[in-house]
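Below: the structure, in structure tokens.
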Amino acid sequence: MIPLGGADEIGKNCNVVRQGDDIVVVDCGLSFPSEEMLGVDIVIPDFRYLLANRDRVRGVFITHAHEDHVGALPYLLREMQVPVYCSPLAAALLRPKLEERVGAKAFDLRIFNPGDIIEAGSLSVEPIRITHSIPETCAMAVRTAQGIVLFTADFKFDFTPVDGKMANITRLGELGREGVIALISDCTNAEEPGWSLSESVVKNGLRNAFANAQGRVLLTTFASNIHRMQQTIDVAAEMGRKVAIAGRRMEQTIEICAKMGYMKLPPGVMIALRDSTQYPAHQLAILTTGTQGEPLSALVQMSKGEYSRLQIQKGDTVLYSARPIPGNEASIWRTVNRLFRQGATVLYQTPQPIHVSGHAHQEELKMMINLTRPFYLMPVHGEPRHQHQYRRMALEMGHAEHRIFEMRDGVPVCMDERSAWLGEPVEFGRVLVDRGGEPGISDDVLRDRSNLSNDGFVAVTVVVDVDTGELVGPPTFQHRGIHAKPEAIAGLSEFIADGLSTFSRDDLKDVDRVRFDVADLAKRHLHKKAGIRPVIVPIVVEV
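Counting with our numbering, you get residues 3 to 545 for the letters of the sequence shown.
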């Protein structure tokens, strides 16, 4: 078992199970960049291991349609053709994205239902219904020669789910009796005691928030949180409000779910965003994207006054119905503060909850362990602190320490009939995708972007006579984004000229050497005189 993402982090979930020459992949997700990843849009798993073993990959199995479990699929399918197995809802949400980014004929989506057995070479995979914040979430039971490897997916035990479909607890117990060799478990909320709240309790919190709002209500949640969007629309209808959607992906998701019967839209409630100006503020609710402070999301653009289709007004109430993903807090609070400055009231903590987690608390994690009775425990989908707490919990339940593995991205856990051990790390790294949609931003590029943002750049031009091997005039330079004393910058040309004066005529004809030394001289001078390290662009012109 090789986690290519999502083991000791939250996001970009991608797990490999290999037996002999057969590989199955469970999920293929993305994560959001951290603050220092300038210009990076998303982070995806490193697929080098899969590409090197492409002939062994029997399929990608999707547990549910959240972006941290499916968002990297287009990038994998551009590189290799492999069947993708998923639920009807996941297929409906994935298809337009794959058609746009991969091509209509370049992917193979295959539908499963809970309880199906899908053969994958010497392995087989069975999806089991589980509850989460999106319908049709499935745990995945991968049958191996050593026993069942059970991926819980993101899960909770919700006994009053919005759609009435509870987790198949009976089947989980049957798998436990059959023999679960390894439980690869969600541990996001391993620090949270007790039981998670049911998604259905959110409706009363929304009712209370809507009832106290004098003007428009704007609610932001994930575009894939179908139950949350359904409850928001239902409450708006109860309160006599029309509902408009801000955000292309959210609009697309609601349209697909309504057509397939996963959402029920009350007659006469939904309106186009462009028509929202025709209604008084107290009769309007807006569903919008932007929970994580994403720069191009509708809510973030509204907070900046840059969303042409809708402007924040004094008296608006903005409801944050989502949990911050680690690393996004700064972006979220910047958005919240801008909304307050524009006169909106922003609610993110309320006496009655307007958000509940889709992830199991400690008692549910224990329940999963007791149902499935695994030999090995492997917490994933959490940071090291969450994995550590899961380990403590399992030890308190009486599980042996050597049977608990805190998995790390890129590090295999190997098993035979007698034991399990950590294998040699596979070729692995992080893959950054910029806003143009192209993966592969290097650390050098990130470093240059950081230097540009901190200290600006300097372009230094030297002109060399190729016949005489002499400089034609003094070096010249241009700079942008530099804050330093004028005399520190003014001496740059003379310093470079002095440095090049030691060059022979043949040396000055070596363009690559001149370029290197010009950059080195500029770096040394600016760091010594101004304490800055700008990006240096040396230009050598031959005449």
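Ideal Cβ placement from N, Cα and C applies to all residues, glycine included.
### Query
Just reading off the beta strand (DSSP E) that histidine 481 is part of, what are its end residues?
Residue mapping note: residue 481 aligns to position 479 of the sequence shown, counting from 1. Element bounds for histidine 481: 478-482.
### Task
Go to proline 269, then tell me how far its alpha helix (DSSP H) extends in each direction, as first and last residue.
To locate residue 269, count along the sequence shown from 1; it is residue 267. Run containing proline 269: none; DSSP gives neither H nor E here.
#### Entry: Other residues of its chain near asparagine 15: CB distance less than 7 angstroms, five sequence neighbours each side excluded
Start at 1 with the first residue of the sequence shown, and residue 15 comes out as number 13. So the list reads Gly7, Gly8, Asp29, Gly31, Asp70, His71 and His383, once near-sequence residues are dropped.
#### Entry: Three-way DSSP call (helix, strand, coil) for isoleucine 273 in this model
Position 271 of the sequence shown, counted from the start, is the residue given in the question as residue 273. Reduced to three states, the DSSP call for isoleucine 273 is coil.
### Query
Over what stretch of residues does the alpha helix (DSSP H) that includes lysine 244 continue unbroken?
In the sequence shown, counting from the first residue as 1, residue 244 sits at position 242. From DSSP, lysine 244 is part of no alpha helix (DSSP H) but of the beta strand (DSSP E) over 244-248.
#### Entry: Beta-carbon proximity of serine 503 to phenylalanine 479, cut-off 8 angstroms
Here residue 503 refers to the residue found at position 501 of the sequence shown. Here residue 479 refers to the residue found at position 477 of the sequence shown. No; because the gap between Cβ atoms is not below 8 angstroms, this pair is not in contact.
### Query
If glutamine 344 sits next to histidine 284, beta carbons under 8 angstroms apart, how far is it from one beta carbon to the other, in whole angstroms?
The residue labelled residue 344 in the question sits at position 342 within the sequence shown. The residue labelled residue 284 in the question sits at position 282 within the sequence shown. Contact flag wrong, Cβ pair sits at about 19 angstroms.
#### Entry: Burial state of leucine 397 (16 or more Cβ within 10 Å)
Taking the sequence shown and counting its residues from 1, one reaches residue 397 at position 395. Per the 10 Å Cβ criterion, exposed.
### Task
Flag this pair as yes or no: are the beta carbons of alanine 192 and histidine 401 separated by less than 8 angstroms?
If you number the sequence shown from 1, residue 192 lands on position 190. If you number the sequence shown from 1, residue 401 lands on position 399. Taking 8 angstroms as the Cβ cut-off, alanine 192 and histidine 401 do not qualify as a contacting pair.
### Query
What's the gap between the Cα of proline 269 and the Cα of serine 278?
Position 267 of the sequence shown holds residue 269. Position 276 of the sequence shown holds residue 278. If you take the alpha carbons of proline 269 and serine 278, they lie about 17 angstroms apart.
### Query
Under three-state DSSP, which class holds valine 252?
Along the sequence shown, read from residue 1 onward, the residue named residue 252 stands at position 250. In the sequence under discussion, the amino acid at residue 252 is methionine, which differs from the valine named in the question. Looking at methionine 252 - three-state DSSP - the assignment turns out to be helix.
### Query
When the Cα atoms are used, what is the spatial distance from leucine 321 to tryptophan 197?
Looking up residue 321 in the sequence shown gives position 319. Looking up residue 197 in the sequence shown gives position 195. Their backbone Cα atoms lie some 24 angstroms apart in a straight line.
### Query
Quick one: Cα of leucine 404 to Cα of glycine 412, how far?
On the sequence shown, position 402 is the one that residue 404 refers to. On the sequence shown, position 410 is the one that residue 412 refers to. A small fix is needed here, since residue 404 is histidine in this sequence, not leucine. For histidine 404 and glycine 412, the distance between alpha carbons rounds to 20 angstroms.
### Query
Helix, strand or coil: how does DSSP classify asparagine 17 here?
Position 15 of the sequence shown, counting from 1, holds the residue named residue 17. If DSSP states are grouped into helix, strand and coil, asparagine 17 belongs with the strands.
### Segments assigned alpha helix (DSSP H), at least 4 residues, entirely inside the segment 391-425
Entirely contained in the segment 391-425, not one alpha helix (DSSP H) run reaches 4 residues.
### Query
Would the beta-carbon of leucine 78 be found less than 7 angstroms away from any heavy atom of the ligand COA?
Annotation note on the ligand COA: not contained in the displayed structure, which lists no ligands.
### Query
Shortest alpha-carbon distance to glutamate 201 belongs to which of Pro163, Asp236 and Lys261?
To locate residue 201, count along the sequence shown from 1; it is residue 199. Selected option, being the one with the closest Cα: Pro163.
### Query
Any idea what DSSP makes of alanine 461, helix, strand or coil?
Sequence index remark: in the sequence shown, residue 461 carries index 459 (1-based). In the structure shown, alanine 461 sits in a strand (DSSP, three-state: E or B).
### Query
Span of the beta strand (DSSP E) holding alanine 122?
Counting from 1 along the sequence shown, the entry for residue 122 is found at position 120. 120-122 is the extent of the beta strand (DSSP E) around alanine 122.
### Environment of phenylalanine 161 [buried if 16+ CB atoms lie within 10 Å]
Residue mapping note: residue 161 aligns to position 159 of the sequence shown, counting from 1. When all chains shown are included, phenylalanine 161 counts as exposed.
### Task
State the start and end residues of the unbroken alpha helix (DSSP H) segment that holds glutamate 11.
Residue 11 sits at position 9 when you count from the first residue of the sequence shown. Counting along the chain, glutamate 11 falls outside any alpha helix (DSSP H), and DSSP gives it neither H nor E.
### Task
Quick one: residues in its chain with C-beta nearer than 7 angstroms to the C-beta of glutamate 429, no 5 flanking neighbours on either side, listed in chain order?
Within the sequence shown, the letter at position 427 stands for residue 429. Taken in chain order, the residues that qualify are Arg50 and Tyr51.
### Task
Please confirm if the segment 73-86 is in contact with the segment 94-110, defined as three or more CB-CB distances below 8 angstroms between the two stretches.
yes
### Task
Taking only the alpha-carbon atoms, compute the straight-line gap between valine 42 and valine 539 and give it to the nearest angstrom.
Working through the sequence shown from its first residue, we reach residue 42 at position 40. Working through the sequence shown from its first residue, we reach residue 539 at position 537. Distance between the alpha carbons of valine 42 and valine 539: 23 angstroms.
### Task
Would you list the residues sitting across from isoleucine 130 in a DSSP beta bridge?
Along the sequence shown, read from residue 1 onward, the residue named residue 130 stands at position 128. Answer by DSSP bridge pairing, in chain order: Ala141.
### Task
Please work out which residues of its chain come closer than 7 angstroms, Cβ to Cβ, to proline 355, disregarding the five sequence neighbours upstream and downstream, and give them in chain order.
The residue you call residue 355 lines up with position 353 of the sequence shown. Contacts found: Leu199, Val203, Val204 and Gly207.
### Task
Would you mind reading off the limits of the alpha helix (DSSP H) that contains serine 495?
Along the sequence shown, one-based indexing puts residue 495 at 493. It spans 494-502 - the alpha helix (DSSP H) in which serine 495 sits, taken as one unbroken run.
### Task
Enumerate in chain order the residues of its own chain whose CB-to-CB distance from proline 414 is below 6 angstroms, with the five nearest sequence positions on each side excluded.
Translated into positions along the sequence shown, residue 414 becomes position 412. Ile4 and Gly425.
### Task
Enumerate in chain order the residues of its own chain whose CB-to-CB distance from glycine 483 is below 6 angstroms, with the five nearest sequence positions on each side excluded.
For this step, residue 483 is matched to residue 481 along the sequence shown. Closer than 6 angstroms at Cβ, skipping near neighbours: Gly458.
### Query
Hey, quick one: how far does the beta strand (DSSP E) through aspartate 43 stretch, first residue to last?
Indexing the sequence shown from 1 puts residue 43 at position 41. Segment 42-46, the beta strand (DSSP E) holding aspartate 43.
### Message
When you compare the segment 323-341 with the segment 172-189, are there three or more beta-carbon pairs, one atom per stretch, that lie closer than 8 angstroms?
### Response
no
### Message
Can you tell me whether arginine 60 is helix, strand or coil according to DSSP?
### Response
Residue 60 sits at position 58 when you count from the first residue of the sequence shown. Here arginine 60 sits in strand by DSSP.
### Task
Could you say which of Leu341, Gly317 and Glu257 lies nearest to methionine 304 if we only look at CA atoms?
The sequence position of residue 304 within the sequence shown is 302, counting from 1. Of the candidates Leu341, Gly317 and Glu257, the one whose C-alpha sits nearest the C-alpha of methionine 304 is Leu341.
### Task
Would you list the residues sitting across from aspartate 235 in a DSSP beta bridge?
If you number the sequence shown from 1, residue 235 lands on position 233. The sequence given here has isoleucine at residue 235, not aspartate. For isoleucine 235, which the question treats as bridged, DSSP gives no partner whatsoever.
### Message
Given this structure, state the Cα-to-Cα distance separating threonine 470 from arginine 515, to the nearest angstrom.
### Response
Locating residue 470 in the sequence shown gives position 468, counting from the first residue. Locating residue 515 in the sequence shown gives position 513, counting from the first residue. Cα to Cα, the separation comes out at about 17 angstroms.
### Query
Any beta-carbon of chain B closer than 8 angstroms to the one on tryptophan 197?
Among the chains of the structure shown, chain B does not appear; only one protein chain is present.
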